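Undergrad: In my numbering, the protein residues as written are 278 to 652.
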């Protein structure tokens with residue numbers, strides 16, 4: 278009988294960006310693949326891949342408890358109908374919403390993928406800390422179930438899960454993100470003009486304000502380079518940056534804003550440096566993609582980012598929330614083409630060795646097989 282897997286993701290764009298390669302590998306390995314998500318622009322493309330699409334009333338935020346309760350029951354009924362062997366829950370919200378299904382589907386293996394500890398775990402806001410305590414308690418109960426296994430994307434998050442008592446050591450695995458397609462993301466000739474690109478959703482936790490401040494410092498020093506944000510707004514996120522604020526930076530001449538882009542290989546081809554001054558990540562796919570394209574990285578010395586941005590190998594690390602250090606690191610690389618080339622080549626080699634989507638998919642499929650064998 279053909280094994281069945283269901284990927285549960287809050288929004289289809291995230292599945293398409295971060296889990297498509299894995300789902301394809303699962304399909305090619307013989308799994309019947311279903312995706313439970315809220316669809317927007319990718320439904321037809323996902324169906325064309327041969328995946329069953331299960332429409333879900335998901336919302337990414339935690340602002341509407343009544344809707345979340347409805348989503349809990351909708352997901353439980355959908356999973357009971359599908360009867361999967363494995364359910365792969367991507368990020369915190371699906372992990373929580375699947376709690377009811379986990380109680381009644383004891384033979385199904387649930388894989389909980391922690392994609393970063395996020396706003397609630399990195400914020401110093403008192404309200405966020407209060408919610409964190411509630412969520413940790415709920416997750417502790419869910420992950421104590423014998424049919425649950427948790428994946429962390431970096432060693433720091435793995436240690437944080439352990440410190441909160443989330444999952445036992447035997448049911449906790451470190452798998453480095455979702456990987457990157459090293460064929461699609463390949464080295465290209467560097468442009469003649471120096472262009473620094475920050476590809477990210479427009480939220481403050483990505484270090485966007487520090488990037489803009491660094492751009493001002495570079496301009497004041499007379500450094501000839503263009504700095505560009507690439508990404509769309511994210512109004513559901515508590516740390517969202519309003520579009521009007523971004524437009525004010527553009528009007529000021531501090532940065533460029535290229536908007537939301539799907540043709541990311543073309544974006545990296547226009548960049549000489551790729552920057553992500555984030556406050557915390559799981560394992561940022563944009564840095565993996567940029568390194569695969571042999572672009573040197575400038576990022577922050579925080580969980581997730583330092584996994585791929587390795588000093589002297591693929592990039593330069595600076596302290597988080599430090600615009601002056603960020604400006605100095607960027608200025609140093611802008612002035613040193615030979616160093617940029619060395620770091621770019623080092624990043625490409627690192628991705629090929631440790632972070633290819635083929636390697637990550639093989640590790641994840643091996644986990645599925647092991648969990649199914651233990652059922």
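The beta carbon of each residue, even a glycine, is placed where N, CA and C say it ideally should be.
All values derive from a computational prediction rather than experimental measurement.
(1) Hey, would you say residue 476 sits closer than 7 Å to residue 563, going by beta carbons?
(2) So, residue 283 versus residue 325, is the Cβ gap smaller than 7 Å?
(3) Using only the alpha-carbon positions, how far apart do residue 361 and residue 281 sit?
(4) List the endpoints of the continuous beta strand (DSSP E) containing residue 539.
(5) On a CA-only basis, which of 594, 419, 532 and 455 is nearest residue 474? Give me that one, please.
(6) Shortest alpha-carbon distance to residue 587 belongs to which of 565, 600 and 605?
(7) For residue 470, is the classification buried or exposed, using 16 other Cβ atoms within 10 angstroms of its Cβ as the cut-off for buried?
(8) Taking residue 519 as the reference, which of 541, 480, 536 and 496 has the closest Cα?
(9) Is it right to say residue 415 is buried, meaning 16 or more other beta carbons lie within 10 angstroms of its own, or is it exposed?
(10) So, is residue 289 buried or exposed, given that buried needs 16 or more other C-beta atoms within 10 angstroms?
(11) Which class does residue 308 belong to by DSSP, given the choice of helix, strand or coil?
(12) Scan the segment 501-562 and note each continuous alpha helix (DSSP H) run of 4 residues or more that stays entirely inside, going in chain order.
(13) One question on the structure: do residue 452 and residue 422 come within less than 7 Å of each other, judged by their Cβ atoms?
(14) Just grab the DSSP bridge partners of residue 588 for me.
(15) So the candidates are 466, 558 and 594; which of them puts its Cα closest to the Cα of residue 432?
(16) Under a Cβ-count criterion, where at least 16 other Cβ atoms within 10 Å of its own Cβ denotes burial, should residue 296 be classed as buried or exposed?
(17) Below 8 Å CB to CB, which residues in the same chain sit around residue 304 once its five sequence neighbours on both sides are set aside?
(18) In the DSSP assignment, find the unbroken alpha helix (DSSP H) run with residue 476 in it and report its ends.
(19) Counting only the same chain and skipping the five closest in sequence on each side, list residues whose C-beta sits under 8 Å from that of residue 590.
(20) Residue range of the beta strand (DSSP E) that residue 285 falls in?
(21) Taking its Cβ as the centre, do 16 or more other Cβ atoms sit within 10 Å of residue 393, making it buried, or is it exposed?
(22) Mind checking who residue 326 pairs with in its DSSP beta bridge?
(23) Opposite residue 379 in the DSSP bridges: which residues?
(24) Give the straight-line distance between the Cα atoms of residue 350 and residue 595, rounded to the nearest whole angstrom.
(25) By Cβ distance, which residues of its chain are closer than 7 Å to residue 633, with the 5 residues on each side in sequence left out?
(26) Should residue 278 be labelled buried (16 or more other beta-carbon atoms within 10 Å of its own) or exposed?
(27) Helix, strand or coil: how does DSSP classify residue 295 here?
(28) Can you find the residues in the same chain that come closer than 6 Å, C-beta to C-beta, to residue 482, ignoring five residues on each side of it along the sequence?
(29) Is the Cβ-Cβ distance between residue 429 and residue 438 less than 7 Å?
(30) Suppose you measure from the CA of residue 599 to the CA of residue 549; what does that come to, to the nearest Å?
(31) What first and last residue would you give for the beta strand (DSSP E) that runs through residue 570?
TA: The structure says:
(1) For the purposes of this step, residue 476 is taken as the residue at position 199 of the chain shown. For the purposes of this step, residue 563 is taken as the residue at position 286 of the chain shown. Cβ atoms of residue 476 and residue 563: closer than 7 Å.
(2) In the chain shown, residue 283 corresponds to position 6, counting from 1. In the chain shown, residue 325 corresponds to position 48, counting from 1. No. Outside cutoff.
(3) Looking up residue 361 in the chain shown gives position 84. Looking up residue 281 in the chain shown gives position 4. Their backbone Cα atoms lie some 5 Å apart in a straight line.
(4) For the purposes of this step, residue 539 is identified with residue 262 of the chain shown, where counting begins at 1. Unbroken run through residue 539: none, as it is neither H nor E.
(5) On the chain shown, residue 474 is found 197 positions in, with the first residue counted as 1. Answer by Cα proximity: 532.
(6) As a working note, residue 587 is residue 310 in the chain shown. Out of 565, 600 and 605, 565 has the C-alpha closest to the C-alpha of residue 587.
(7) Locating residue 470 in the chain shown gives position 193, where the first residue counts as 1. When all chains shown are included, residue 470 counts as exposed.
(8) Position 242 of the chain shown, counted from the start, is the residue given in the question as residue 519. Cα-wise, what sits closest to residue 519 is 480.
(9) The residue you call residue 415 lines up with position 138 of the chain shown. Per the 10 Å Cβ criterion, exposed.
(10) Here residue 289 refers to the residue found at position 12 of the chain shown. Label assigned to residue 289: buried.
(11) If you number the chain shown from 1, residue 308 lands on position 31. Of the three classes helix, strand and coil, the one that applies to residue 308 here is coil, per DSSP.
(12) 520-529 and 541-546
(13) Against the chain shown, residue 452 aligns to sequence position 175. Against the chain shown, residue 422 aligns to sequence position 145. No.
(14) By one-based count along the chain shown, residue 588 stands at place 311. The partner list for residue 588 (beta bridge, DSSP) reads 592.
(15) On the chain shown, residue 432 is found 155 positions in, with the first residue counted as 1. Among 466, 558 and 594, the Cα nearest to that of residue 432 is on 558.
(16) By one-based count along the chain shown, residue 296 stands at place 19. Flag for residue 296 reads buried.
(17) For the purposes of this step, residue 304 is identified with residue 27 of the chain shown, where counting begins at 1. Within the same chain, residue 304 has close Cβ partners 310, 326, 327 and 328.
(18) As a first step, residue 476 must be located in the chain shown, where it is residue number 199. From DSSP, residue 476 is part of no alpha helix (DSSP H) but of the beta strand (DSSP E) over 472-476.
(19) Within the chain shown, the letter at position 313 stands for residue 590. 620, 623, 624 and 627.
(20) Numbered from its first residue, the chain shown carries residue 285 at position 8. First-last of the beta strand (DSSP E) with residue 285: 281-288.
(21) Taking the chain shown and counting its residues from 1, the one referred to as residue 393 is at position 116. Flag for residue 393 reads buried.
(22) What you label residue 326 is simply residue 49 of the chain shown in a count that begins at 1. DSSP lists no partner for residue 326.
(23) Looking up residue 379 in the chain shown gives position 102. For residue 379, which the question treats as bridged, DSSP gives no partner whatsoever.
(24) Indexing the chain shown from 1 puts residue 350 at position 73. Indexing the chain shown from 1 puts residue 595 at position 318. The alpha-carbon atoms of residue 350 and residue 595 are separated by roughly 45 Å.
(25) On the chain shown, position 356 is the one that residue 633 refers to. Only 456, 457 and 459 meet the Cβ criterion.
(26) If you number the chain shown from 1, residue 278 lands on position 1. Label assigned to residue 278: exposed.
(27) By 1-based counting over the chain shown, the position of residue 295 is 18. Of the three classes helix, strand and coil, the one that applies to residue 295 here is helix, per DSSP.
(28) On the chain shown, residue 482 is found 205 positions in, with the first residue counted as 1. If we look at residue 482 and ignore the five residues flanking it on each side, its Cβ neighbours are 516 and 556.
(29) What you label residue 429 is simply residue 152 of the chain shown in a count that begins at 1. What you label residue 438 is simply residue 161 of the chain shown in a count that begins at 1. Cβ atoms of residue 429 and residue 438: closer than 7 Å.
(30) Indexing the chain shown from 1 puts residue 599 at position 322. Indexing the chain shown from 1 puts residue 549 at position 272. Using only the alpha carbons, I get a separation of about 22 Å.
(31) Residue numbering aside, residue 570 sits at position 293 when the chain shown is read from its first letter. Per DSSP, residue 570 belongs to no beta strand (DSSP E) and is neither H nor E.
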